[in-house]
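Peer 1: Quick one: the structure is below, and I'll ask about it shortly.
In the working numbering, the protein residues as written are 1 to 1142.
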């Protein structure tokens, strides 16, 4: 939602050029160096060159050696060669199917540079979609699990998108939108190619000749893979991707400077970007450096710190190998290696897509994707029309993904606003699932709180827009569209006070800023301001109501100004004590009294009185006052001025100022007017230095107040045009991460008004979501062509059915509710080998046993025919000594064994029994399994099913079918053991809402960390509620590098497992002045030393489990923190007083 034209600048509807000859072919800029939001601005940097050319340049490949001219761009030829190899048509004079794929792979980076050719209309489209385009580059993934989940995100999102496109109408009127499908495939190829240049994949020699697909499944999760940091902070050895920006000589081109001035204005979401900071520096002639680590950088590029690991072109690769610490390969060789892997992986991906599209019954449509030519206009529409954006099937949801390998569901909601007059709205429209869903409601807004000059305006008359909601744990049964209008005077008052607070905040620290700028050449006496609230402004008179008064003084006739007098006074001690006097007058007023009503005012600053002159400073006899003045309507325009130094002002004297400020309009009812003065003492500073001081004085106020001002304007605009008429709604649902499902679940002609504060509800057709028969695992095939490597020998593993050395083998008798403690049996395991994964014919598990609960007395028969003597009674026991199945939802489960394969992998083996009269299918996601260590930190299995027998776990190629009731099958799961974990405590198996827990504390892991040594919980051990978790501060320690380590216990009081990620909570240290220092953006293990391991996997906190974690803060050098403030995901906030830091 953005404010309408009747209140500010109305956002212009983006439009596509009507014909090819009106479209200026853009130059493209490599994403490697710029955030998407920055790149969309840098586009105009080549416009001077474009304008000099009579003929637009043809589209070339991307990823350029030269960041402006390409020579060449690399994404495009990689994709074209892969497409040709996969059988895509190359006939069509640039419009062929292969050309289309290459064009889309190229434009994922460069689409947002088109706005230079399309002006501000296209800029608004790029501003709206930049955050989605940023998600397709394999950035900011700091461990193998995140990398793995992102692969799953891209491949399953691609498949879901293609199945959606299959059912849409294309531009030719036929069912099957080929242009959208080619956009989806091209975008996926871009991401896959980026993996090899943005990750540390080639750092290992063993991986330089094989792709991700050619790596065995059981090795992918164990590899120490990460991708370069970009939008997120670096940590724990993760290196940066790298950035470059453009030189001042290009930024100061007239056309470029015009748009950068708008885009970098206060309140713009780009205002604090590297690009805008560089633009500000360029206006001051900041010099540019042209080499990084000894590598020559192309002309017109400033390469900003930090240098990075990116291998996107040959000269960047020279920097990349140095940042990676590679000495056995040159930059050119590294670039060639990454390119070759990207090409081979692209070929494999297209082959995989063809196989699975055929499996899903969409083979004919795939052939149309491969053979159909598309025009550039149709290609541009995929990026430019708000009813399309098909690539969002890959980008939907948080990035990096918070989900594990489990399924997640999304909704693609298409909303068409009526074409009736005044049917649009400026209210915020929210989507809520299932009424009170655990997910927060989704704000349907492409440019929330953005500058109206730059922003896209949602829900205008005749709009046809698509929005994405999710992820959801399951397909919602209902959705609601809630029109959250703002028509309350209390809201105006609250937001107005926030705006005022933001506007005056810079005054508190302005003195230090002045001293920095002036270098001691001018003394700051003080800064004070006068604020007229809305109620005050209502009483300001007109000149006719408060005319000037005429008086005689010493025989002279003097007329005072008209209006209401005011004064502002500052006492700087030895620097002087001064008072400024002025008058404010109402000059005009609108007839309307509603939110659109206004009053106009004029301020006249008349005199400066010296109550006490300053003492001489630094031996100068020119110490005289001057004023920095600023008038700011809240919300509204600003006017400012600096006076010349006033000579010879002594105690008790006055000097005339005589400055009239620009008349300013202020909204009735909630508007305010602020007039501020910084009193300064002249000490030989120049006139230019005084102008610099004035710019600093006003600039900080602009920046500080811009966001709050826009929020107030938006709230007012929403109350003006709050009602919305929805013409049509279509909802397509899809799932990602597990089975790939797609289907339309709602298609409704509404033609109804949704008034302010009202809700419209819709029921989703659950049967509309169809399982394609393709799984995410199908889309990540093992193309290694070799069997998984043999794990190291386990000396404790028996070579025959008899347990080695007749050591104690725990066993149990059949359970009896009257029996008590566990009983250990001394027995010999036996039994016949069965047929693994075959119903009713389970095979044996030849692995060391773990202890399970047993009985103190009683006789019973153990598993697989083993025998043994119980401690407190005679009984027969087997490998695990437990014959009972634990009930889940559709399955019963019996624990068969747990063993460590090597230093990083653990295998769990179980037997499943079908409890249903009908058949049951066991897939990798049927049962959610979480292993929990002694710190309470849980981690999931790798996400596949394996054979239960054999020395080497072999992945099952298909799901396990239990056709009849009581059919049984044995399977196993592999876990990657997290670095820095404590000893294992429990295993949790959950199917739906049914869970069973096993004690796993007897398993000996190869390496575990020590428990944290803390004196005890702060605050008497009380927990504070913080959204999903209850939290307790357990203690603090001083760490290396002037850091503070804070230890917390988290308790899950709910019924479902919760995920803990770096984004689950935001933590700040707060000093006595309210200055905050944020925690380093990671969660660390509480166990171990002062060099802790970060929790690089998704941490699972099971119900009724208390987990202990650590957060690390950089300690401020100038102040001592007094408290620690925590904000949870739901907005809940709690503060802990800090103890003395040891």
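Here a beta-carbon is modelled for each residue, glycine too, at the ideal position from N, C-alpha and C.
If you check the beta carbons only, do residue 962 and residue 945 fall under 7 Å apart?
Peer 2: Cβ atoms of residue 962 and residue 945: not closer than 7 Å.
Peer 1: Classify residue 218 as helix, strand or coil using the three-state DSSP reduction.
Peer 2: Three-state DSSP puts residue 218 in a helix.
Peer 1: Please report the straight-line C-alpha distance between residue 901 and residue 951, rounded to a whole angstrom.
Peer 2: In a straight line, the C-alpha of residue 901 is about 9 Å away from that of residue 951.
Peer 1: In this structure, what does DSSP give as the bridge partners for residue 1049?
Peer 2: Residue 1049 is bridged to 1032 and 1108.
Peer 1: Taking the alpha carbon of residue 571 as the point to measure from, which residue in 426, 651 and 1008 has its own alpha carbon closest?
Peer 2: Comparing Cα positions, the closest option is 651.
Peer 1: Using a threshold of 7 Å, state whether the C-beta atoms of residue 646 and residue 678 are closer than that.
Peer 2: Contact: no.
Peer 1: Measuring straight from C-alpha to C-alpha, what distance separates residue 419 and residue 728?
Peer 2: Spanning the two alpha carbons is a distance of roughly 11 Å.
Peer 1: So, helix, strand or coil for residue 393, using DSSP?
Peer 2: Of the three classes helix, strand and coil, the one that applies to residue 393 here is helix, per DSSP.
Peer 1: I'd like the list of long-range same chain contacts for residue 886, defined as Cβ closer than 6 Å, with 5 residues on each side in sequence excluded.
Peer 2: If we look at residue 886 and ignore the five residues flanking it on each side, its Cβ neighbours are 893 and 996.
Peer 1: What did DSSP end up calling residue 139 once you bin it into helix, strand or coil?
Peer 2: Note: residue 139 maps to coil in three-state DSSP.
Peer 1: Count the other CB atoms within 10 Å of the CB of residue 751; is the residue buried (16 or more) or exposed (fewer)?
Peer 2: The residue in question, residue 751, is exposed, as its Cβ has fewer than 16 Cβ neighbours within 10 Å.
Peer 1: Going by Cα to Cα distance, which pick from 466, 1082 and 556 is closest to residue 1065?
Peer 2: Of the listed residues, the one whose Cα sits closest to residue 1065 is 1082.
Peer 1: If you count every other CB in all the chains shown that lies within 10 Å of the CB of residue 118, and 16 or more means buried, which is it?
Peer 2: Here residue 118 scores only 49 on pLDDT, less than 50, and its place in the model should not be relied on; the value that follows carries that caveat. Classification for residue 118: buried.
Peer 1: Counting along the chain, where does the beta strand (DSSP E) carrying residue 159 start and finish?
Peer 2: That residue, residue 159, is in no beta strand (DSSP E); its alpha helix (DSSP H) goes 144–166.
Peer 1: Take residue 979 as the anchor and find which of 1094, 913, 985 and 986 has the nearest alpha-carbon.
Peer 2: Nearest of 1094, 913, 985 and 986 to residue 979, Cα basis: 1094.
Peer 1: How about residue 202 and residue 337: are their beta carbons less than 7 Å apart?
Peer 2: Yes. Within cutoff.
Peer 1: State the Cα-Cα distance for the pair residue 468 and residue 417, rounded to the nearest angstrom.
Peer 2: Near 17 Å, if we compare the C-alpha coordinates of residue 417 and residue 468.
Peer 1: My output table needs one value for residue 196: the three-state DSSP class, helix, strand or coil.
Peer 2: Helix, per DSSP.
Peer 1: Would you mind reading off the limits of the beta strand (DSSP E) that contains residue 416?
Peer 2: Its beta strand (DSSP E) spans residues 408–417.
Peer 1: Which complete beta strand (DSSP E) runs does the segment 623–669 hold, if anything under 3 residues is left out?
Peer 2: Segments of the beta strand (DSSP E) lying fully in the segment 623–669: 625–634, 638–642, 654–660 and 664–667.
Peer 1: Give me, in chain order, the residues of the same chain whose beta-carbon lies closer than 7 Å to that of residue 530; leave out the 5 immediate sequence neighbours on both sides.
Peer 2: Once the five neighbours on either side are set aside, the close Cβ partners of residue 530 are 566, 568 and 675.
Peer 1: So what's residue 329 in DSSP terms, helix, strand or just coil?
Peer 2: Coil at residue 329, not helix or strand.
Peer 1: Note down, in chain order, each residue of its chain lying with its Cβ closer than 6 Å to the Cβ of residue 560, except the 5 sequence neighbours on either side.
Peer 2: Around residue 560: 548 and 549.
Peer 1: Helix, strand or coil: how does DSSP classify residue 1027 here?
Peer 2: Coil at residue 1027, not helix or strand.
Peer 1: Residue 988 lies in the beta strand (DSSP E); which residues open and close that run?
Peer 2: Taken as a continuous stretch (DSSP letters only), the beta strand (DSSP E) holding residue 988 covers 984–991.
Peer 1: Does residue 1109 pass the burial test, meaning 16 or more other C-beta atoms within 10 Å, or should it be called exposed?
Peer 2: By the neighbour-count rule (16 or more Cβ atoms within 10 Å), residue 1109 is buried.
Peer 1: From residue 426 to residue 478, what distance separates their C-alpha atoms?
Peer 2: Each residue's alpha carbon lies about 25 Å from the other.
Peer 1: Please state whether the Cβ-Cβ distance between residue 1006 and residue 974 is less than 7 Å.
Peer 2: Contact flag unset, no.
Peer 1: I think residue 1101 touches residue 1050, with their Cβ atoms under 8 Å apart; what is that distance to the nearest whole Å?
Peer 2: Right, their Cβ atoms sit about 6 Å apart.
Peer 1: Going by beta-carbon coordinates alone, are residue 539 and residue 758 separated by less than 7 Å?
Peer 2: In this structure, residue 758 does not lie closer than 7 Å to residue 539 by Cβ.
Peer 1: By DSSP, does residue 1085 sit in helix, in strand, or in coil?
Peer 2: In the structure shown, residue 1085 sits in a strand (DSSP, three-state: E or B).
Peer 1: Take residue 412 as the anchor and find which of 216, 607 and 743 has the nearest alpha-carbon.
Peer 2: Nearest option by C-alpha distance: 743.
Peer 1: I'd like the ranges of any beta strand (DSSP E) spanning at least 3 consecutive residues and lying wholly in the segment 325–390.
Peer 2: Entirely contained in the segment 325–390, not one beta strand (DSSP E) run reaches 3 residues.
Peer 1: Are residue 948 and residue 970 close, meaning C-beta to C-beta below 7 Å?
Peer 2: Yes. Within cutoff.
Peer 1: Is the separation between the beta-carbon of residue 653 and that of residue 610 shorter than 7 Å?
Peer 2: Yes, these two residues count as a Cβ contact at 7 Å.
Peer 1: Whole angstroms is fine: what's the gap from residue 599's alpha carbon to residue 696's?
Peer 2: Each residue's alpha carbon lies about 29 Å from the other.
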